[in-house]
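Student:
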Amino acid sequence: MSAGMIEKLQKKLSNIYIFLDLFRMQTKMPYDEEKALKTQNKKICRLVKKAYEIPFYRERFDRAGVKPGDIKNAEDLNKLPLLTKDELREWMNEEAKNPEYDNWYKDTTSGSSGIPLMILLSPREKAYMKANWLRVMQVAGYNPFTGRTMSRINAHDEKTGPDTFLQKFGILRRKLVNQYDKVENVVKEINAYQPDFLYMNKTELMRICLYCSQHGLKVFHPKFYAGVGEKVDDTARKLFREVLGPGIVDSYGTAETGACMVRLFGSSTYTIHRDSFVVNLVDDNGKLADEGKVVITPLFKTDMPLINYVVGDRAEAGIKDGVRVISNVKGRMNDFFHHEDGQVTTFFEVTPVIAHNPDVLQIRFIQETYHDVTVQCVFNEKESSKTKAQVEEELSRQLNAIFKQPFNLTFHWMDVIPPDPNGKLRMIVCKVK
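For the sequence shown, our numbering begins at 1 and goes up steadily by one.
1. By DSSP, does Met118 sit in helix, in strand, or in coil?
2. Is there at least one Cβ from chain D nearer than 8 Å to Asn143's Cβ?
3. For the segment 176-260, list the alpha helix (DSSP H) runs that are entirely contained and at least 4 residues long, ordered along the chain.
4. Between which two residues does the beta strand (DSSP E) containing Asn132 stretch?
5. Of all the options Pro144, Lys182, Leu176, Lys293, which has the alpha carbon lying nearest to the alpha carbon of Leu22?
6. Which same chain residues end up closer than 7 Å to Ala140 when comparing Cβ atoms and leaving out the 5 residues on each side of it in sequence?
7. Could you pull out every residue in the same chain whose Cβ sits closer than 6 Å to the Cβ of Pro123, ignoring the five residues on either side in sequence?
8. With Val295 and Tyr309 assumed to form a contact (beta carbons below 8 Å), what rounded beta-carbon distance in angstroms separates them?
9. Please identify the residue among Ser213, Thr108, Leu88, Val375 whose C-alpha is closest to the C-alpha of Lys382.
10. So, using beta-carbon positions, are Glu349 and Ile402 closer together than 8 Å?
11. Would you list, in sequence order, the uninterrupted alpha helix (DSSP H) runs of no fewer than 4 residues that lie entirely inside the segment 329-379?
12. Would DSSP call Asn93 helix, strand or coil?
13. Take Leu399 and list the residues in its own chain whose beta-carbon comes closer than 8 Å to its own, dropping the five residues that flank it on each side.
14. Using the C-alpha atoms, what's the distance from Lys50 back to Asp67?
15. With a threshold of 7 Å on Cβ separation, who are the neighbours of Phe300 within its own chain once the five nearest residues in sequence on each side are excluded?
16. Using a Cβ-Cβ cutoff of less than 6 Å, which residues in the same chain neighbour Ile18 once the five nearest sequence positions on both sides are dropped?
17. Per the DSSP calculation, Arg174 is bridged to which residue(s)?
18. Skipping 5 residues on each side, what residues in its chain have a beta carbon closer than 7 Å to that of Lys159?
19. Do you know offhand how far Asp313's Cα is from Glu291's?
20. Determine the extent of the alpha helix (DSSP H) in which Arg426 is found, giving its start and end residues.
21. With a 10 Å radius around its C-beta and 16 neighbouring C-beta atoms as the bar for buried, classify Glu94 as buried or exposed.
22. Return the bridge partner residues of Pro298 from the DSSP annotation.
23. Check whether the Cβ atoms of Trp413 and Lys386 lie closer than 8 Å to each other.
24. Can you grab the Cα-Cα spacing for the pair Phe240 / Gly229, in whole Å?
25. Is Arg152 near Asn201, with beta carbons less than 8 Å apart?
26. To the nearest angstrom, report how far apart Pro30 and Pro305 are at their CA atoms.
27. Under 6 Å Cβ to Cβ from Val136, same chain only, skipping five residues before and after it: list those, please.
28. For the putative contact between Val186 and Cys209, defined by C-beta atoms under 8 Å, what is the C-beta separation to the nearest angstrom?
29. How should Asn73 be labelled, buried or exposed, when 16 other C-beta atoms within 10 angstroms of its C-beta is the threshold for buried?
30. Could you work out which residue in Glu184, Glu90, Thr302 is closest to Leu121 when comparing CA atoms only?
31. Can you list the beta strand (DSSP E) stretches of 3 or more residues lying completely in the segment 35-107, in chain order?
32. Give every residue of the same chain whose Cβ lies closer than 8 Å to the Cβ of Gly342, excluding the five residues on either side of it in the sequence, and list them in chain order.
33. Could you compute how far the alpha carbon of Arg173 sits from the alpha carbon of Ala64?
34. At the level of alpha carbons, what is the spacing between Val432 and Asp321?
35. Return the residue from the list Tyr142, Glu75, Gly170 that minimises the CA-CA distance to Tyr199.
36. Quick check on Thr160: does DSSP put it in helix, strand or coil?
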């Protein structure tokens, strides 16, 4: 049987592979970390051996003077070069021309960093990624055999109703909702379906919750829900709890890698799925660190590996109960304010001013010129004791104390900041080239 025929068969047997992969995963918290570490090390050794046979990675190994036998654990992966989005994009675009991958999935990222990225996934890798998302739901307490999920429509969904043989028997039941519809209609669908697990992009969830809060609209409380694709800040978390209830689940990952760690309910830290991923942090010199760039290696991607993938976020790590955990994810690193003298001000620098601001529910900066920035804001009428004019004066003073060069800030107050076409919300939109 040819490779192409095998891959077509694997696609048809996708649900079987999903459950087989899920069965092998740890799905109850707290994880058996000793077992997970052994599995991780075993998979790392398998991954680097397969990667070394791929020309793209052979060159990277050779350039670093590293052989597969030199890499035995998560820390050893740092001996290899980091993989940037631009490098991955160039490699994927080249590989996509190869007819060998005609039966593979060609998923596309949302382009929140500015340029969408196509990622090749073999049928087995795609099945594992889906199983891993079911694991995220299971560790929260969701039962895929009896529960119902509701999610946004994305570019890879072709149907809005039950689309598999298993769903006709009540297994993996799912309903897709049009996230771009009027909020009243979206809420009606949620209330009618009453999902056990609801998930969509954080900005889309924010749009729903803001509308419900402002208009006194009641929405069904799922047992579990997740705002994915973007960091859920403290202000959004509070609003989500008020509108949707206490069952918030923070799942962290990317479209390229899958969900690599999870933070449940009231926890202050993220738990890494070590049986399937390596998550390292590196400083600006590429050295392993307790604070730095997030670098992900999905261990199940052995057909088209992603080793040391720099996702564009920063985070902090710590030790909890003897286990290394991620204590804080700081969000995207590629958002900048550009100044006329060539300097930049990063989003991280302004984050302390806006992250815990009780006066503002949503905010976005649009840099029009080197001197002018439009600030879109949603006022927190319930919590704020200030007028909008006072908030503008205070934010302008605090922000211009941080900017390398001051800006003229023009505030536009809105009921809700609409998501970008990809369903997310870029915090800084720079029109200066």
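A virtual CB, placed ideally from N, CA and C, is assigned to each residue, including glycine.
On a predicted model such as this, the values are computed, not experimentally measured, just so you know.
Tutor: Checking against the coordinates, here is how it stands:
1. Position 118 of the sequence shown, counted from the first residue, corresponds to residue 118. The answer is strand: DSSP assigns Met118 an E or B state.
2. Structure shown: chain D not included; a single protein chain is present.
3. Listed in chain order, the complete alpha helix (DSSP H) runs (minimum 4 residues) inside the segment 176-260 are 183-193, 202-215, 234-244.
4. As a position in the sequence shown, residue 132 is number 132, starting the count at 1. Taken as a continuous stretch (DSSP letters only), Asn132 belongs to no beta strand (DSSP E), being part of the alpha helix (DSSP H) at 123-140.
5. Residue mapping note: residue 22 aligns to position 22 of the sequence shown, counting from 1. Selected option, being the one with the closest Cα: Pro144.
6. Taking the first residue of the sequence shown as position 1, residue 140 is located at position 140. Result list for Ala140: Phe224, Val249, Leu264, in chain order.
7. Mapped onto the sequence shown, residue 123 falls at position 123. Only residues of its own chain outside the window of five on either side were considered, and among them Glu7, Gln10, Lys11 have a CB closer than 6 Å to the CB of Pro123, listed in chain order.
8. If you number the sequence shown from 1, residue 295 lands on position 295. If you number the sequence shown from 1, residue 309 lands on position 309. That belief holds up - the Cβ atoms of Val295 and Tyr309 are roughly 7 Å apart, short of 8 Å.
9. Residue numbering aside, residue 382 sits at position 382 when the sequence shown is read from its first letter. Considering only alpha carbons, the answer is Ser213.
10. Residue numbering aside, residue 349 sits at position 349 when the sequence shown is read from its first letter. Residue numbering aside, residue 402 sits at position 402 when the sequence shown is read from its first letter. Yes, Cβ-Cβ distance for Glu349 and Ile402 is below 8 Å.
11. 347-354
12. Taking the first residue of the sequence shown as 1, we reach residue 93 at position 93. Helix at Asn93.
13. Against the sequence shown, residue 399 aligns to sequence position 399. Excluding sequence neighbours, Leu399 sits near Val350, Val353, Phe407, Leu409.
14. Along the sequence shown, one-based indexing puts residue 67 at 67. Along the sequence shown, one-based indexing puts residue 50 at 50. It is Lys, not Asp, that sits at residue 67 in the sequence shown. So the alpha carbons of these two residues sit roughly 12 Å apart.
15. Here residue 300 corresponds to residue number 300 of the sequence shown, with the count starting at 1. For Phe300, where only same-chain residues beyond five positions count, the Cβ hits under 7 Å are Glu125, Tyr128, Ser276.
16. Your numbering for residue 18 matches position 18 in the sequence shown. If we look at Ile18 and ignore the five residues flanking it on each side, its Cβ neighbours are Ala127, Lys130, Ala131.
17. Position 174 of the sequence shown, counting from 1, holds the residue named residue 174. Looking at the DSSP assignment, Arg174 forms a beta bridge with Thr149.
18. On the sequence shown, position 159 is the one that residue 159 refers to. Unreliable positioning characterises Lys159 in this predicted model, as indicated by a pLDDT of 47, which lies under 50. A coordinate reading is not provided.
19. What you label residue 313 is simply residue 313 of the sequence shown in a count that begins at 1. What you label residue 291 is simply residue 291 of the sequence shown in a count that begins at 1. Cα-Cα distance, rounded: 11 Å.
20. As a first step, residue 426 is located in the sequence shown; it is residue number 426 there, counting from the start. Judged by DSSP secondary structure, Arg426 falls outside any alpha helix (DSSP H); it is assigned neither H nor E.
21. As a working note, residue 94 is residue 94 in the sequence shown. Under this definition Glu94 is an exposed residue.
22. Position 298 of the sequence shown, counted from the start, is the residue given in the question as residue 298. Its beta-bridge partners are Phe277.
23. Locating residue 413 in the sequence shown gives position 413, counting from the first residue. Locating residue 386 in the sequence shown gives position 386, counting from the first residue. No, Cβ-Cβ distance for Trp413 and Lys386 is not below 8 Å.
24. If you number the sequence shown from 1, residue 240 lands on position 240. If you number the sequence shown from 1, residue 229 lands on position 229. Distance between the alpha carbons of Phe240 and Gly229: 16 Å.
25. Counting from 1 along the sequence shown, the entry for residue 152 is found at position 152. Counting from 1 along the sequence shown, the entry for residue 201 is found at position 201. Taking a C-beta distance under 8 Å as the contact criterion, Arg152 and Asn201 qualify as a contact pair.
26. By 1-based counting over the sequence shown, the position of residue 30 is 30. By 1-based counting over the sequence shown, the position of residue 305 is 305. Roughly 28 Å between the two C-alpha positions.
27. The sequence position of residue 136 within the sequence shown is 136, counting from 1. Around Val136: Ser251, Ala259, Val262.
28. Taking the sequence shown and counting its residues from 1, the one referred to as residue 186 is at position 186. Taking the sequence shown and counting its residues from 1, the one referred to as residue 209 is at position 209. Incorrect: roughly 11 Å between the Cβ atoms, too far for contact.
29. For this step, residue 73 is matched to residue 73 along the sequence shown. The residue is exposed, with fewer than 16 neighbouring Cβ atoms inside 10 Å.
30. Locating residue 121 in the sequence shown gives position 121, counting from the first residue. Of Glu184, Glu90, Thr302, the residue nearest in Cα terms is Thr302.
31. Here no run is fully enclosed.
32. If you number the sequence shown from 1, residue 342 lands on position 342. Hits under 8 Å: none found.
33. For the purposes of this step, residue 173 is taken as the residue at position 173 of the sequence shown. For the purposes of this step, residue 64 is taken as the residue at position 64 of the sequence shown. One C-alpha to the other measures close to 47 Å.
34. Walking along the sequence shown from the start, residue 432 turns up at place 432. Walking along the sequence shown from the start, residue 321 turns up at place 321. For Val432 and Asp321, the distance between alpha carbons rounds to 47 Å.
35. Walking along the sequence shown from the start, residue 199 turns up at place 199. With distances taken between Cα atoms, Tyr199 lies closest to Tyr142.
36. One-based indexing of the sequence shown puts residue 160 at position 160. Confidence at Thr160 is low in this model, with a pLDDT of 48, below 50, so the placement of that residue should be treated as unreliable; the coordinate-derived value is given next. Reduced to three states, the DSSP call for Thr160 is coil.
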